[in-house]
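Colleague:
Number of protein chains: 2
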Amino acid sequence: MAQIRHALTTTRDDDFAAWYQDVIASADMAEESGVRGCMVIKPWGYGIWERMQRLLDDRIKATGHDNAYFPLFIPLSNFEREAAHVEGFAKEMAVVTHHRLIADGKGGLIPDPEAKLEEPLVVRPTSETIIGDAMARWVQSWRDLPLKLNQWANVVRWEMRTRMFLRTSEFLWQEGHTAHADEAEAKEHTLRMLEVYRAFAEEDLGLPVVAGEKPENERFPGAVETWSIEAMMQDGKALQAGTSHYLGENFARASGIQYQDKEGTQTYCHTTSWGVSTRMVGGVIMTHGDDDGLRVPPKIAPWQVVILPMLRDNDSDAPLIEYCEQLRATLAGQMTLGEPIRVLLDTRPGKAAQKRWDWVRKGAPVIVEVGGRDMDNGVVSLLRRDALWDASSGKPAFETPTREAAGETIPATLANIQAALYTEALERRESNITRGVTDFAEVEAFFADSNRYPGWVEVQWSKPTGDALDKVVERLKALKLTIRNVPMGGDPADGACIFTGEPAVERILLAKAY
Amino acid sequence: MAQIRHALTTTRDDDFAAWYQDVIASADMAEESGVRGCMVIKPWGYGIWERMQRLLDDRIKATGHDNAYFPLFIPLSNFEREAAHVEGFAKEMAVVTHHRLIADGKGGLIPDPEAKLEEPLVVRPTSETIIGDAMARWVQSWRDLPLKLNQWANVVRWEMRTRMFLRTSEFLWQEGHTAHADEAEAKEHTLRMLEVYRAFAEEDLGLPVVAGEKPENERFPGAVETWSIEAMMQDGKALQAGTSHYLGENFARASGIQYQDKEGTQTYCHTTSWGVSTRMVGGVIMTHGDDDGLRVPPKIAPWQVVILPMLRDNDSDAPLIEYCEQLRATLAGQMTLGEPIRVLLDTRPGKAAQKRWDWVRKGAPVIVEVGGRDMDNGVVSLLRRDALWDASSGKPAFETPTREAAGETIPATLANIQAALYTEALERRESNITRGVTDFAEVEAFFADSNRYPGWVEVQWSKPTGDALDKVVERLKALKLTIRNVPMGGDPADGACIFTGEPAVERILLAKAY
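Protein chains in written order, with our numbering: chain A, 1 to 514; chain B, 515 to 1028.
(1) Under the three-state reduction of DSSP, which class applies to B:His784: helix, strand or coil?
(2) Applying a beta-carbon distance threshold of less than 7 Å, which residues of chain A neighbour B:Asp775?
(3) Go through the segment 326-358 of chain A residue by residue and report every complete run of the beta strand (DSSP E) that reaches 3 residues or more, in order.
(4) How far does the beta strand (DSSP E) with A:Trp158 in it extend, from its first residue to its last?
(5) From B:Ser547 to B:Gly726, what distance separates their C-alpha atoms?
(6) How would you call B:Met849, buried or exposed, if buried means at least 16 neighbouring beta carbons within 10 angstroms?
(7) Taking 8 Å as the CB-CB limit, is A:Leu72 close to chain B?
(8) At 8 Å on the CB atoms, spell out the chain A contacts of B:Ser547, in chain order.
(9) Just how far apart, CA to CA, sit B:His802 and A:Arg54?
(10) Apart from the five residues just before and just after B:Ala648, which ones in its own chain have a Cβ nearer than 7 Å to its Cβ?
(11) Leaving out five residues before and five after B:Val884 in sequence, what residues of the same chain have Cβ atoms less than 6 Å from its Cβ?
(12) Quick check: is the beta carbon of A:Leu80 nearer than 8 Å to any beta carbon in chain B?
(13) From the DSSP secondary-structure annotation, give me the bridge partner or partners of B:Phe587.
(14) Can you say whether A:Gln140 is buried or exposed, counting buried as having 16 or more other CB atoms within 10 angstroms of its CB?
(15) Let me make sure I understand the geometry here. Which of B:Leu808, B:Leu719, B:Met566 and B:Ala766 has the alpha-carbon closest to that of B:Thr524?
(16) Please tell me whether A:Ala90 has its Cβ less than 8 Å away from any Cβ of chain B.
(17) Checking 8 Å against the spacing of the C-beta atoms, do B:Arg998 and B:Glu744 come in under that value?
(18) Thinking C-beta only, is B:Ala1025 closer than 8 Å to B:Leu993?
(19) Does any residue of chain A bring its CB to less than 8 Å from the CB of B:Leu623?
(20) Does the structure place the segment 754-770 of chain B close enough to the segment 782-791 of chain B that three or more beta carbon pairs sit under 8 Å?
(21) Among A:Leu509, A:Pro411 and A:Val155, which has the Cα closest to the Cα of A:Asn432?
(22) Is the segment 668-686 of chain B touching the segment 714-731 of chain B, taking contact as three or more C-beta pairs under 8 Å?
(23) Considering only the beta carbon of each residue, do A:Ile285 and A:Tyr20 sit closer than 8 Å?
(24) Cβ of A:Leu337 less than 8 Å from any chain B Cβ?
(25) Using a Cβ cut-off of 8 Å (strictly closer), state whether A:Val139 contacts chain B.
(26) In terms of alpha-carbon separation, which member of A:Thr278, A:Phe220 and A:Lys148 lies closest to A:Phe89?
(27) Can you tell me whether DSSP reads B:Ser791 as helix, strand or coil?
(28) What residues in the segment 338-358 of chain A have a beta carbon less than 7 Å from any beta carbon of chain B?
(29) Is any beta-carbon of chain B found at less than 8 Å from that of A:Arg124?
(30) Starting from A:Glu230, follow the beta strand (DSSP E) in both directions and report where the run begins and ends.
(31) Nearest chain B C-beta to A:Arg100 closer than 8 Å, yes or no?
(32) Check the Cβ of B:Asp580 against every Cβ in chain A and list those closer than 8 Å, keeping chain order.
(33) Given a cut-off of 8 Å on the beta-carbon distance, is the pair A:Lys222 and A:Glu82 in contact?
(34) Going by beta-carbon coordinates alone, are B:Arg875 and B:Trp817 separated by less than 8 Å?
(35) Under 8 Å, Cβ to Cβ, is there at least one residue of chain B near A:Cys38?
(36) Tell me, to the nearest whole angstrom, how far the beta carbon of B:Gln974 is from that of B:Gly1004; I am working on the premise that it is less than 8 Å.
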């Protein structure tokens, strides 16, 4: 086996956190903006997010939701109505207090004291309260239900420790908000949207996830139930990739969302909310990235195929460009994974090898390099990003199909890559979930080495609440662990609670988490 | 001619401003949010904006721009660097001063004095300064140019008098930002994007526009040249529907956007910016709306065809729904105006006549009503929204093609409606531009009646600058007029300046404006 010279300077094994930053920088996805806690999402990173938006938006519309847009600013009084909700967010809210600047007399500007708002405005951290107001206006009768809305927006939560994509003060997301006639329908919808997220994560992003209910201490502020999908990153930590909340009547009572039922009685609605954010881009990086940079699943790759003619930047390039253009046109006219193939013929100036490694680091699924000799032989040199290296030679594993064969096989290759990335991630996750641990000392030993994250542990518990739960949370906190969720569809409990020794009622996943 | 009973209570002739609000409410497009100056964009209004986004985004990408995302918050110091720019926006900026709330001891919340920001943050009114920072990092060499970026985002300008879609404190827009090697290339790009806007407005929205350069006093704060597209509303007033700015080296110097040219010299870039916003939705309403509500051009209609079975809300409805479903499927499988037809089979509960008028007010281009008798005869009852009334009977002008004929002809009907709405607007505009006015007294007489807006007047002027221009602006202000722009491609000047009597150098459009 030859030595492989990887395209990144940091490897995952060396330092996973540094590797993560290296992938983002090398793939030109995002960077710090200079504004505290806010990042700039660069074209390649934003292109991936746009693809994710398109696919998730289609799924949200297919389940009967309409997009709408609500104000960025929320009056303080509005926010105060739901006690648990404001308690959960008050510590991290950006507050607008003035609406004008004036000269400070020293060449700078200050907020104009004469333009102080009577009531401060909060920059939305989430929109339950402002959308609740609208729902209260829009819902009058049972005929208006269910009301199913979605919003694509930016939100702000003033985070003290930020990390690109995973935790930023401003982030982009979609937030769905629905109002229903009763508890049963609202709970069913909460789970329907959880299933939409599961399918989106697994089928579109290639992220295997565990769907399940969050424990009481991890609920969204103001929610009755919070459900999540949890993905395992390559360092074994968990990433909460999406949440769906059943809000009961809490927000309906706070905002006055009532309807007249068929018998003429005024009744409070039951509402839900659910969201997925740019954080998911971080999940894609930490699931599919390798020591050569990002690998983008074809369904969300802005360019699925990049064709790189080895140009000399002079007039003799024309036949080579034409040779490549024919492959581009052949591919662009075909479908894969339900959409037309997105193929780029990259003729920008620059050295061919440099450009190849740039696209490797960006994670374009298929890279097709074409030199003069390839053209003379009627072939192309093709690299699959998910199988980049020839282990025996330590060199890139180029295949050299004829140009016609490449045009015919690349659509299936893209579908294969989509499936292969998912399978690889699923196998890794399954081999890193440890089940059947019955002794808390085993858990302690398992997670003792703080430099290693051996994965997740499934244990059984008696579902304590209140103070008893607080004690469990404290014990886990000492190990830097959290309860991720109660996986749906898993085996029923059949043993003792690992915390209390009482008969267990369900199984839970313990993990370190982002 | 029979009396027509229109679907709105307010007519355009009665009170144009009230009619505008009536259309928005009746078509269920938007409403006041309760947050000062901010509106809620409801699903039908947002659906139209989403269609506009999709079409404009395609045009922006086709001209080589990448989408990216930059922070919502701009540090004050960053904003201060370009003097004219900050001067232009300081009076209307929302300022974030705190990042946490605490209890006020009286059951409410206040900004936490301990969490005051060291440097206040401005909520972006536009992003030249923050994107300029990024450009300064990204541009190093001539090889990095041109740099062509676009952002879809919300922005905030604290407007004192707001009006839905036309002027709101928060609005949605796209803002393009590009950096170029020299003046010639940047100016060319400024006009290229103006042309993109013209084509988008005319071909996609059916809004005829006059493209031209703004006078000095109407320039974007910090720009060297500002160009606009101006549309005429049905009340004869002008709406600035999009602007494109050549920024010279102003922002490049403020942010330090420099590159090393081929000779190795550090050189400042020349930048451009250009934007189109949700204001354009207001333009669509005031151009295409009529006394029955909105008429949406098919290219931007969320639903182009709405099929309304006249249901009885019982089991006997099944054959009728199936009859309609076949037409829906036939249409959904066809293309018009370059895209698959968007057709809705509306089976929601409600009275058929009520639902018909709801769709008329929303402006769905084609409404197909189907009752039991239609089904028995193998026909459908079809309404074109752009030709709603039979003038002789005063009743809706239903056509009754066979279901098969409807399936075959509706694609062409939609293309016809798209063209017809544009032609109608163009003819109206042309008949309301008065040319050849050479005496200012004529202008005064023309606009004297403040309750009527007779349209636009084209005059010639000597293009005064500085104080002389200020005087012209004052004279026009007394008539509530502004100079809209210097139309491109018009006749050269051949007379005297209407303001100074000096030889004129160009023609300008005078109008009242939104």
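Where a beta carbon is used, it is the ideal one built from N, C-alpha and C, also for glycine. All of these numbers come straight from a predicted model, not from anything done at the bench.
Modeller: Taking the coordinates as given:
(1) Position 270 of the second sequence, counted from the first residue, corresponds to residue 784 of chain B. It is a strand residue.
(2) Mapped onto the second sequence, residue 775 of chain B falls at position 261. For B:Asp775, no chain A residue has a C-beta closer than 7 Å to its own C-beta; the minimum C-beta separation is roughly 15 Å.
(3) Here the runs fully enclosed are 343-345.
(4) Taking the first sequence and counting its residues from 1, the one referred to as residue 158 of chain A is at position 158. Per DSSP, A:Trp158 belongs to no beta strand (DSSP E) and is neither H nor E.
(5) By 1-based counting over the second sequence, the position of residue 547 of chain B is 33. By 1-based counting over the second sequence, the position of residue 726 of chain B is 212. Approximately 36 Å between the Cα atoms of the pair.
(6) In the second sequence, residue 849 of chain B corresponds to position 335, counting from 1. Exposed is the call here.
(7) Here residue 72 of chain A refers to the residue found at position 72 when the first sequence is read from its first residue. Yes, contact with chain B.
(8) As a first step, residue 547 of chain B must be located in the second sequence, where it is residue number 33. Neighbours of B:Ser547 on chain A, chain order: Phe70, Pro71, Ile130, Asp133 and Ala134.
(9) Taking the second sequence and counting its residues from 1, the one referred to as residue 802 of chain B is at position 288. Taking the first sequence and counting its residues from 1, the one referred to as residue 54 of chain A is at position 54. Each residue's alpha carbon lies about 30 Å from the other.
(10) Locating residue 648 of chain B in the second sequence gives position 134, counting from the first residue. Cβ within range, chain order: Phe584.
(11) Locating residue 884 of chain B in the second sequence gives position 370, counting from the first residue. Counting only Cβ-Cβ distances below 6 Å, and skipping sequence neighbours, we find Pro823, Cys838 and Val894.
(12) Counting from 1 along the first sequence, the entry for residue 80 of chain A is found at position 80. First, the amino acid is wrong: residue 80 of chain A is Glu here, not Leu. It does; some Cβ of chain B falls within 8 Å.
(13) Along the second sequence, one-based indexing puts residue 587 of chain B at 73. Note: B:Phe587 sits in a beta bridge opposite B:Val637.
(14) Position 140 of the first sequence, counted from the first residue, corresponds to residue 140 of chain A. That one is exposed.
(15) As a working mapping, residue 524 of chain B is identified with position 10 in the second sequence. Ranking B:Leu808, B:Leu719, B:Met566 and B:Ala766 by Cα distance to B:Thr524 puts B:Leu808 first.
(16) Against the first sequence, residue 90 of chain A aligns to sequence position 90. Taking Cβ atoms only, chain B reaches closer than 8 Å to A:Ala90, which makes this a yes.
(17) Here the question's residue 998 of chain B lines up with position 484 in the second sequence. Here the question's residue 744 of chain B lines up with position 230 in the second sequence. B:Glu744 is positioned such that its CB atom lies closer than 8 Å to that of B:Arg998.
(18) Position 479 of the second sequence, counted from the first residue, corresponds to residue 993 of chain B. Position 511 of the second sequence, counted from the first residue, corresponds to residue 1025 of chain B. It is not a contact, given that the beta carbons lie outside the stated cut-off.
(19) For the purposes of this step, residue 623 of chain B is taken as residue 109 along the second sequence, with counting starting at 1. A Cβ of chain A is located within less than 8 Å of the beta carbon of B:Leu623.
(20) Output reads yes: the segment 754-770 of chain B touches the segment 782-791 of chain B.
(21) Position 432 of the first sequence, counted from the start, is the residue given in the question as residue 432 of chain A. Nearest option by C-alpha distance: A:Leu509.
(22) Output reads no: the segment 714-731 of chain B does not touch the segment 668-686 of chain B.
(23) For the purposes of this step, residue 285 of chain A is identified with residue 285 of the first sequence, where counting begins at 1. For the purposes of this step, residue 20 of chain A is identified with residue 20 of the first sequence, where counting begins at 1. Their beta carbons are under 8 Å apart, which means A:Ile285 touches A:Tyr20 by this criterion.
(24) For the purposes of this step, residue 337 of chain A is taken as the residue at position 337 of the first sequence. For A:Leu337, not one C-beta of chain B is nearer than 8 Å to its own C-beta.
(25) Position 139 of the first sequence, counting from 1, holds the residue named residue 139 of chain A. Chain B, which has no Cβ nearer than 8 Å to the Cβ of A:Val139, makes this no.
(26) For the purposes of this step, residue 89 of chain A is identified with residue 89 of the first sequence, where counting begins at 1. If we check each option's Cα against that of A:Phe89, A:Phe220 comes out closest.
(27) To locate residue 791 of chain B, count along the second sequence from 1; it is residue 277. In the structure shown, B:Ser791 sits in a strand (DSSP, three-state: E or B).
(28) Within the segment 338-358 of chain A, the residues whose Cβ lies closer than 7 Å to some Cβ of chain B are Pro349, listed in chain order.
(29) Taking the first residue of the first sequence as position 1, residue 124 of chain A is located at position 124. A:Arg124 has a beta carbon lying at 8 Å or more from every beta carbon in chain B.
(30) As a position in the first sequence, residue 230 of chain A is number 230, starting the count at 1. For A:Glu230, the enclosing beta strand (DSSP E) starts and ends at Glu225 to Met232.
(31) Position 100 of the first sequence holds residue 100 of chain A. Interface residue, yes.
(32) Translated into the one-based positions of the second sequence, residue 580 of chain B becomes position 66. Neighbours of B:Asp580 on chain A, chain order: Pro43, Tyr46 and Gly47.
(33) Walking along the first sequence from the start, residue 222 of chain A turns up at place 222. Walking along the first sequence from the start, residue 82 of chain A turns up at place 82. Looking at the sequence provided, one finds Gly at residue 222 of chain A rather than Lys. Annotated as proximal: A:Gly222 and A:Glu82, with beta-carbon spacing under 8 Å.
(34) Along the second sequence, read from residue 1 onward, the residue named residue 875 of chain B stands at position 361. Along the second sequence, read from residue 1 onward, the residue named residue 817 of chain B stands at position 303. When the beta-carbon positions are compared, B:Arg875 and B:Trp817 stay at least 8 Å from each other.
(35) Along the first sequence, one-based indexing puts residue 38 of chain A at 38. The beta-carbon of A:Cys38 is placed less than 8 Å from the nearest beta-carbon of chain B.
(36) Looking up residue 974 of chain B in the second sequence gives position 460. Looking up residue 1004 of chain B in the second sequence gives position 490. The Cβ separation is near 10 Å, so there is no contact.
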